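Numbering (our numbering), first residue to last: 54 to 284.
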């Protein structure tokens with residue numbers, strides 16, 4: 054019996070096949086107006102905050118699949134392909150905190166956070182979820198200094214790593230959050246964390262939080278835009 058349903062990019066067939074074994078898959082949409090390497094990124098198309106799922110209204114395939122499954126969601130309109138509009142849903146939930154660029158955050162997400170008491174941590178980095186690997190409810194890994202700085206101010210335990218060694222569109226310019234996913238008590242790396250220059254620090258930090266991790270392959274880490282867990 055399969056577990057949760059997830060939204061994930063179909064761009065890497067090996068990663069997709071790995072998750073298809075245990076999860077119901079909704080493939081992310083191809084958004085042709087976006088930069089080439091962002092067109093399939095799930096973390097620009099949807100975000101789940103506690104029990105609420107927010108969807109970019111341009112994602113017709115995702116919406117169709119959600120309707121077929123009778124999964125409830127909130128449509129988010131007026132999200133364009135240009136930065137910072139494109140990161141309106143790119144927010145990282147860490148416990149009761151949402152790390153994001155507050156100015157870019159979609160109004161419906163912001164309203165939900167205000168109504169439910171979720172603390173918004175504002176950062177200069179618009180690609181907040183891309184740049185953040187949530188390890189547990191009070192711990193993150195990031196290569197972004199602005200995220201590290203504000204997270205520490207809010208009492209979050211932070212491992213700041215160096216940029217690089219994560220591939221995006223063939224270049225080592227990807228983000229740790231986009232190259233991984235946390236499901237339950239396990240972190241899945243899209244590739245092998247041992248290919249990263251800070252592998253020892255990353256593995257030690259994860260182990261110190263009683264969290265497991267799995268390398269999906271023995272290849273370089275690849276930023277696919279993470280994935281979104283529906284339920």
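Beta carbons are placed, not taken as given, at the ideal position from N, Cα and C, and that holds for glycine.
From a predicted model like this one, the values you see are computed outputs, not experimental measurements.
Rounded to the nearest angstrom, the gap between the Cα atoms of residue 85 and residue 179 is 21 Å. Note that the C-beta distance between residue 83 and residue 97 is not below 9 Å. Per DSSP, reduced to three states, the secondary structure at residue 213 is strand. Residues 83, 84, 85 of the same chain have their beta carbon placed closer than 8 Å to that of residue 92, with the five preceding and five following residues left out of the count. It is roughly 11 Å from the alpha-carbon of residue 222 to the alpha-carbon of residue 64. Counting only runs of at least 3 residues, the stretch 182 to 232 fully encloses the following beta strand (DSSP E) elements, listed from N- to C-terminal order: 185 to 189, 192 to 195, 210 to 213. With contact defined as three or more Cβ pairs closer than 8 Å, the stretch 108 to 117 and the stretch 165 to 181 are not in contact. Note that the C-beta distance between residue 217 and residue 94 is not below 9 Å. For residue 67, the enclosing alpha helix (DSSP H) has its first and last residue at 66 to 73.
In the DSSP assignment, residue 250 forms no beta bridge with any residue. Restricted to the stretch 96 to 155, the alpha helix (DSSP H) segments that are unbroken, complete and at least 4 residues in length are 113 to 121, listed in chain order. In the structure shown, the three-state DSSP call for residue 241 is strand.
Taking a contact to require three or more Cβ pairs closer than 8 Å, the stretch 119 to 130 and the stretch 151 to 163 qualify as touching.
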